[in-house]
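Taken in order, these protein sequences are the chains called A and B.
Each position in the first sequence, counted from 1, maps to that position plus 1395 in the numbering used here.
By the numbering used here, the letter at position 77 of the second sequence is numbered 57, and the numbering carries on one by one without gaps.
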Amino acid sequence: MSGFRLDKGGRIDRARSLKFTFNGKQMAGHPGDTLASALLANGVGALGRSFKYHRPRGLYAAGVDDPNAMLEVTDAYGREPGLRAGQVQLVDGLSAQSVTGWPSPAFDLVSGFTRFASPFMSAGFYYKTLKWPNWSWYEEAIRKAAGFGTTSNTVDARLREQRHDTCDVLVIGSGPAGLAAVDALKGSGRKVVLVDHAACVGGALRWEDAQIEGQFGAQWADGVAQAFKAEGGQLLLNTFVTGAYEGNFFTLIESRIDDTGLAAERIWKLRANQVVLATGSVDRPLVCQNNDRPGVLLSAAARQFIGEYGVAPGRSLSVFTNNDSGYLTALAALRAGIDTTVIDARVQPSEAHLEAARAAGATIKTGVEVSNIKGGSRVKGLVLSDGGHVACDAIALAGGVTPIIHLAAHRGSKPSYNAEAAAFVCPRLPEGWFAVGAASGARELSDVLAQGHAAGQSVGGTSTSVPVAKVELSMGGIEPLWQAKTGNPKKMFVDLQNDVKASDVALAARENYVSVEHLKRYTTLGMGTDQGRTSNINGIGILAAQTGRNIDAVGTTTFRPPYTATRMGAIAHHRQQDGFSPRRYLPGHADHMAHGADFEDFGWQRPDWYSDNGPNREAAVDVEMHAVRNDVGVFDASPLGKIEIAGPDARAFINRFYVSNLATLKPGRIRYSVMCHDDGIIFDDGVVACVDDNLFLSGPTSGNAEVVAGWYEQWRQTEWPDMKVAVAPVTSNWAAIALAGPKARDLLASLEPDFDVSPEAFAHMRFVEGTLAGVPARVARVSFTGELQYEISVPARYGQSLMETAMGVGETLGAKRIGMEAWLRLRLEKGYLHLGSDTNGRTTPHDIGMGGVVGKKPTDFIGKRALSLPYNASENREQLVGLKPVDQPIQIGARVLADGYDTVPAPSIGNVTSACDSPSAGNIAMALIENGAVRMGERVKIYADGQVSEAEICIPVFVDPKNERLNA
Amino acid sequence: MIVIRCPYCGEQRQEEELTFGGEAEIVRPLEPSEVNDEVWTEYLYFRDNPKGVNHEQWCCSAGCGQWFKVLRNTVSHDVLGVVTYDKILKAEQVA
């Protein structure tokens, strides 16, 4: 390509210059340029090499439709491996790099091979050829030669946020159609959001030669936008609508670009009552021999480069067209002083257009096609079907327009072929949608404005004056031409990004890939990052001709979001770290902080261990466990679930959930049990306290506190609406601490309880309500550690002071703060299961040794019936057992090998679910093992980290098997 | 993104504020111990999963917490009817 900056014209700021580099070479552009227009202005031809054949490729379009111009771009905020040059606003200091072609785009070593091999590399080449012996033999070499750049492992410095909003009307596209709708809505009071992907409004008015209401088109556009903003309208520029979803829900990505690059992105989740789809169209190329050489570009792109950026695509331009719009390009080029030849495939073009072009000085040839384009990494000229030659350094292809219907199609609107416009449009739109302008197939500016205005009125607009347009030449008529009749189809490119040629489409048709979806997947037509904007329709046209069908019968492939490539960061970045989910802090958080807690997220920020207790985790955990077994430990148990079940039917209600019989639970008593889903699988465990006959307190596990409350509520509402019962989740209303250890009673006594704490009055599994240290308290004597243990709940606002007070009065008793790790190891010593670790999605109450409890319960409970289903009652179920090592320490997650196997591979009969080193019992573990309950004392082989070791199955109680400490 | 107006609190709720509860009108046998395995597994596991109009249970989980019933087209996501949980929605009444 031999582009250059024109002396005048364009909407760029010629007074200021921006420096950038391309492949290390210093270049300059102006504010208002895109990277594409700046590269063209600097005369850059080949930007890279094609995907499969490594042919040199240059700019093909000016924006989102460009299949070629994928570059690695670095600005002040980060590096991106594959951006489309036309979608990058030029900023000072930007650097761009080719991502294909080695050692350089102009001289590529692989292309030597592919030039020789390309006749053999037809559609399905990889499927057919590289299957022997298998793909992995070839993958590495092919991956190196293909692809668009490499990812970087660094996190960019762009800011990200998300925003939710609603509006009355969403207008997508700020070209003449969208602006006419906005203009009609003036003064209507509707909440309107107007979106455009460009940096300024106007759409094609930014470069086309048109007048509206007596002003230049771009001027009129700016005026409408000004009035819109003055009224409080929301104008989102540099914003793509990336997806349309049911309920008129849209995702938008807004970019904020400052002087040095893309500083921030905002993802919008926007819901609109009504929608004006004014997304315009892109030009379609003509498929002819060597139509991919650098210097060939779309006709509308040529007009945009000249009109918007003041850049000429070349010194002499040939326009190959099958419709009247090619003459608009010719006129624009001629006025910019570029030698122009029009090659019109039609025998009888419009007289008005011919005359205008001739008057401006164009050479015109009608009834001929381009049969070959000459040149290598730059266009040198072309050969016509009548044998004639034209010398030129740029070629514009005008094959008609393709309306941008993606968003309607995301919603399932079926595109159908409009023969007059020679384009696919969506005639049946989602409710509340109006498609206007080029997106609906309209071609003339007056129609575009009238449609936009009418849509504006349909969505609440009150203005009645339709903007009046004046254009020199109409877009006019078209005679579809899907593929040039002369020339070599093996050199005619349909999809430039994926190197799909006309011959590949024909081959697919011969091999019976006649469904358009099969064609796409077999040839990769339209599967690139440009989503086939320039290639799909031509491909469909060629397939229709090859299979003797109407183009409408072939149809389009499915359109899916996102509309254009979207940074993962824009979607996910704000969901990192604190943005991922709100942190929940315990009422006693400040106390934990003050004593060196190392926090871990268990849904709550919970102390894992305290540096007050030791210099590192193991040392601290050891001290904490020792305190519980010998003195007393204070553990923050606030997240433990607390759900009040109240009402005359409370007992009957709660009894339907737990597998134990709660009909006999007396006031002031507590029972441990598990609950199941109705398929008999355990989903929670915990204790239930009977406060009185009308009030039960259910204590689900911390992680399930909300889930279990929801579970109760769902059954109450949907299955048993007549039960007189209320469910109140009060987990975070109460702060809770556990006192555990032989001196726990002494510590409780020194907290000034107004109730008797003697072992006789307050035995294991009893519940007391009273006051403690002057505040209301609920105290349950339950144990998760196997020691004498009390769980004290006080209103959450006293949580911090309870923690401090308990530690203060406990000092003389040797009290220590206990973190989660010590707590979980203590329970493992006692063989108490940890839900979700020691149970899985197949574990029933029978599998954890609660079969007897279940059997004794006379009434139904959720999950009971399923326990007698064949699978749940079958032999060889995995049962929870203890494990002791024979030779090497046991690791959590280790597989238990089937009998008779000494090494892997081997079938598994279970796995280790918990393991730790206990100060008193050594290395201990629990495991789920098939038939484990009847295999006590047997040895099994276990496998972890590449090693097989031996372990002995035992009863999972490693301290105090007689419960003497527990009942002290 | 599905939007449903909760029949209890009257607020328009987005999918993110709601909880889907599967097919509605699944009857749990009143006497579980008296039905055979086939009947019980039918209740437990078998659902129609139609392409088209589906009876569903939804909960206004981020709002008032109430369960209600919805008639929804699983293809277009159109919400055809919403009633409180004590009522039964019939497709022909809505259409």
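Yeah, the Cβ is synthetic: ideal placement off N, Cα and C, and Gly gets one too.
> Under a three-way DSSP split, which group does V1682 (chain A) fall into?
Replying inline: Residue state, collapsed to three classes: coil.
>> Tell me the rounded alpha-carbon separation between D2007 (chain A) and A2022 (chain A).
In response: About 13 Å.
>> Give me the chain A residues within the contact set of V(-17) (chain B), using Cβ-Cβ distance strictly less than 7 Å, ordered along the chain.
In response: Against chain A, the beta carbon of V(-17) (chain B) has neighbours under 7 Å at G1642, listed in chain order.
>> Would you say L76 (chain B) lies against chain A (beta-carbon separation less than 8 Å)?
In response: For chain B, the structure presents residues -19 to 75; residue 76 (chain B) sits outside this window and is missing.
> Along the chain, which unbroken stretches of the beta strand (DSSP E) at least 3 residues long are found entirely within the stretch 2061 to 2100 of chain A?
Replying inline: Those beta strand (DSSP E) runs which fall completely within the stretch 2061 to 2100 of chain A and span 3+ residues are 2065 to 2071, 2077 to 2087 and 2090 to 2094.
>> What does the alpha-carbon distance come out to for the pair R1916 (chain A) and F1888 (chain A)?
In response: If you take the alpha carbons of R1916 (chain A) and F1888 (chain A), they lie about 17 Å apart.
> Do you know offhand how far L24 (chain B)'s Cα is from V2249 (chain A)'s?
Replying inline: About 20 Å.
> From E14 (chain B) to W20 (chain B), what distance separates their C-alpha atoms?
Replying inline: Going by C-alpha positions, E14 (chain B) is about 10 Å away from W20 (chain B).
>> For the stretch 2103 to 2114 of chain A, list every residue whose C-beta sits within 8 Å of some C-beta in chain B, in sequence order.
In response: From the stretch 2103 to 2114 of chain A, only G2105, E2108, Q2109, Q2112, T2113 and E2114 have a Cβ closer than 8 Å to chain B.
>> Please return the same chain residues whose Cβ sits closer than 6 Å to the Cβ of A1575 (chain A), not counting the five positions on each side in sequence.
In response: Around A1575 (chain A): L1844, G1847, H1848 and P1862.
> In angstroms, rounded to a whole number, what distance separates the CA positions of H1559 (chain A) and L1647 (chain A)?
Replying inline: Going from the Cα of H1559 (chain A) to the Cα of L1647 (chain A) covers about 10 Å.
>> Alpha carbons only, please: which of A:Y1704, A:D1687, A:K1760 and A:G1756 is nearest the one belonging to F1715 (chain A)?
In response: Distances from the alpha-carbon of F1715 (chain A) to those of A:Y1704, A:D1687, A:K1760 and A:G1756 put A:K1760 closest.
> Would a check of beta-carbon distances place R1444 (chain A) closer than 8 Å to chain B?
Replying inline: Residue-level contact check: R1444 (chain A) does not touch chain B, since none of the beta carbons of chain B fall below 8 Å from its beta carbon.
>> Buried or exposed for K2037 (chain A), going by 16 or more other Cβ atoms inside 10 Å?
In response: Per the 10 Å Cβ criterion, buried.
>> Counting only beta-carbon separations shorter than 8 Å, does L1665 (chain A) have a partner in chain B?
In response: No, no contact with chain B.
> If contact means a Cβ-Cβ distance below 8 Å, which residues of the stretch 2053 to 2082 of chain A contact chain B?
Replying inline: For chain B, the residues of the stretch 2053 to 2082 of chain A that bring a beta carbon within less than 8 Å of one of its beta carbons are D2073 and D2074, in chain order.
>> Quick check on the DSSP output: the beta strand (DSSP E) that includes G1638 (chain A) runs from which residue to which?
In response: Counting along the chain, the beta strand (DSSP E) containing G1638 (chain A) begins and ends at T1634 to Y1640.
> Would Q1926 (chain A) be called buried (16 or more neighbouring beta carbons within 10 Å of its own) or exposed?
Replying inline: Classification of Q1926 (chain A): buried, given that the 10 Å Cβ count is 16 or more.
> Per DSSP, what kind of secondary structure is S1898 (chain A) in: helix, strand or coil?
Replying inline: In the three-state reduction of the DSSP assignment, S1898 (chain A) falls in the helix class, which pools H, G and I.
> When the Cα atoms are used, what is the spatial distance from G1983 (chain A) to L2142 (chain A)?
Replying inline: If you draw a straight line from the Cα of G1983 (chain A) to the Cα of L2142 (chain A), it comes to about 19 Å.
> Alpha carbon to alpha carbon, what distance is there between E(-4) (chain B) and D1591 (chain A)?
Replying inline: If you take the alpha carbons of D1591 (chain A) and E(-4) (chain B), they lie about 28 Å apart.
> According to the Cβ coordinates, are A1673 (chain A) and G1851 (chain A) closer than 8 Å?
Replying inline: With respect to the 8 Å criterion, A1673 (chain A) and G1851 (chain A) are not classified as neighbours on the basis of their beta carbons.
> Tell me, which residues are paired with G2282 (chain A) by DSSP?
Replying inline: First, the residue type needs correcting, since residue 2282 (chain A) is Asp and not Gly in the sequence shown. According to the DSSP secondary-structure assignment, D2282 (chain A) is paired through a beta bridge with no residue.
>> Closer than 7 Å to a non-hydrogen atom of the ligand SAM - does that hold for the CB of P2002 (chain A)?
In response: The ligand SAM is absent from the structure shown, which contains no ligands of any kind.
> For E1649 (chain A), which three-state DSSP category applies?
Replying inline: It is a strand residue.
>> Does the CB of D17 (chain B) have a neighbour CB from chain A at under 8 Å?
In response: Cβ-Cβ to chain A under 8 Å: yes for D17 (chain B).
>> In the DSSP output, which residue or residues are listed as bridge partners for V2305 (chain A)?
In response: Here the sequence assigns Gly to residue 2305 (chain A), which means Val is not the residue at that position. Bridge partners of G2305 (chain A): A:V2291 and A:I2324.
> Exposed or buried, E1839 (chain A), counting other C-beta atoms within 10 Å across all chains shown (16 or more means buried)?
Replying inline: With fewer than 16 other Cβ atoms within 10 Å, it is exposed.
> W1828 (chain A): which of A:D1428, A:N1548, A:E1649 and A:G1573 sits nearest, CA to CA?
Replying inline: The shortest C-alpha separation from W1828 (chain A) is found at A:G1573.
> With which residues is G1424 (chain A) paired in a DSSP beta bridge?
Replying inline: Partner(s): A:L1413.
> From the beta carbon of R2260 (chain A), is the nearest beta carbon of chain B less than 8 Å away?
Replying inline: Yes, contact with chain B.
>> For a test of the three-state rule: what should DSSP assign to P2190 (chain A), helix, strand or coil?
In response: Per DSSP, reduced to three states, the secondary structure at P2190 (chain A) is strand.
> Given a threshold of 16 other Cβ atoms within 10 Å of its Cβ, counted over all protein chains shown, does H35 (chain B) qualify as buried or as exposed?
Replying inline: By the neighbour-count criterion, in which a residue is buried when 16 or more other Cβ atoms sit within 10 angstroms of its Cβ, H35 (chain B) is buried.
>> At the 8 Å Cβ level, is D2255 (chain A) part of the contact set with chain B, yes or no?
In response: Yes, D2255 (chain A) counts as interfacial toward chain B.
>> Please report the straight-line C-alpha distance between A1939 (chain A) and I1652 (chain A), rounded to a whole angstrom.
In response: Taking the straight line from one Cα to the other gives about 44 Å.
>> So, under 8 Å CB-CB, S2313 (chain A) and E2224 (chain A) are touching, yes? Tell me the CB distance rounded to an integer number of Å.
In response: Correct: roughly 5 Å between the Cβ atoms.
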